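Numbering (the working numbering), first residue to last: 14 to 348. Glycine included, every Cβ here is placed at the ideal spot set by N, Cα and C. All figures in this text were calculated on a predicted structure; none of them were measured in a lab. What follows is one structure encoded as structure tokens, with my remarks underneath.
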Ligand SMILES: [Zn+2]
Ligand SMILES: [Zn+2]
């Protein structure tokens, strides 16, 4: 048996933190009193803040990609991590004109800190990808889980841990799940959450699931809460069609790296222009997006060109296959 509670963090918050509702803290308290184990789940990969409207639950999305945009400090703008599109930080909601926009960002370390402070007499264990990377580490983590009262879960680890005695599962911030710039993140989240929630209540006990969110009016949140697969997939497919995502179109990313930022940029700018010309000449309607924002890894600068079309693989075969083969710094990633 399972009971699921959807908590609106705009109206239900505690003195300790705006990310912890009184509903959740009361439930934790109650379970601890009865020696029942608790899982608090918060996605670790969320390291940027996003912008939401506290009135109509509108989430700021990129006009090119339909992916969430993030608040960057320098320059102070909303940025799409997929295509690099930037936008001024709005003063009022673009949908309902309400002025109370919220910047949302909460990290697993912060959560651990606050929980330790409130329940400092209890055993709290943080399960991370780092501490389950080897078999021996996994064994140790398993023992820690058995001994812990509260487990802070930071990644969707859906196999290998059969958890007994879990009576309360809390999704600390549902929208944190949607932070990864991938078009199918909602679908993955939907399935993962179902699996996580499914961990409780295996032996016939009644498990409570608390889902916290600042955007209870958002259609994705509503569908997770009601586990409405049919509506979810119907809506997701319609959205993907509008934004040319698979299964309607193929998406490929051309990625180029170089130690010199300007060289990398120039190379990709030229390549994007070339591809556009070929596309036009052949009357293809390929969508070509050059993301002018680079990212840096091991001192190399990376630039991406995103290609969307019904048959990108054919197009690449006929055009720059040789170039890709010869140039070890140019990579093709299929989304
Ligand atoms: Zn609004
Ligand atoms: Zn975008």
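Through-space distance from residue 111 to residue 147, alpha-carbon basis: 49 Å
Any residue whose CB is nearer than 6 Å to a heavy atom belonging to ligand 2, listed in chain order: 75, 77, 78, 80, 93, 95, 96 and 98
Rounded straight-line distance, which links the Cα of residue 82 to that of residue 337: 31 Å
Residue 68 beta carbon near ligand 1 (any heavy atom closer than 7 Å): yes
The stretch 72–89 contacting the stretch 21–32, beta-carbon criterion three pairs below 8 Å: no
Residues near residue 44 by beta carbon distance below 7 Å, same chain, minus five either side: 51, 180 and 181
Inter-residue CB distance, residue 138 and residue 164 (contact presumed, cutoff 8 Å): Sure, about 5 Å apart at Cβ, within 8 Å.
Contact check, residue 224 vs residue 92, beta carbons under 8 Å: no
heavy atom of ligand 1 below 7 Å from residue 108 C-beta: yes
Residue 63, buried or exposed, once every other Cβ within 10 Å from all chains shown has been counted against 16: buried
C-alpha gap between residue 282 and residue 330, whole angstroms: 20 Å
Closer than 7 Å: residue 71 CB and nearest ligand 1 heavy atom: yes
Beta-carbon proximity check, residue 140 vs residue 55, cutoff 8 Å: no
CA nearest to the CA of residue 266, picked from 229, 315 and 87: 315
Beta carbon of residue 115 nearer than 8 Å to that of residue 233: No; because the gap between Cβ atoms is not below 8 Å, this pair is not in contact.
Reduced DSSP category for residue 22 - H, G, I as helix; E, B as strand; rest coil: coil
Identified DSSP bridge partners for residue 101: 90
Closest Cα partner of residue 97 within the set 104, 78, 285 and 122: Of the candidates 104, 78, 285 and 122, the one whose C-alpha sits nearest the C-alpha of residue 97 is 78.
Residue 121: first and last residue of the uninterrupted alpha helix (DSSP H) it sits in: 121–131
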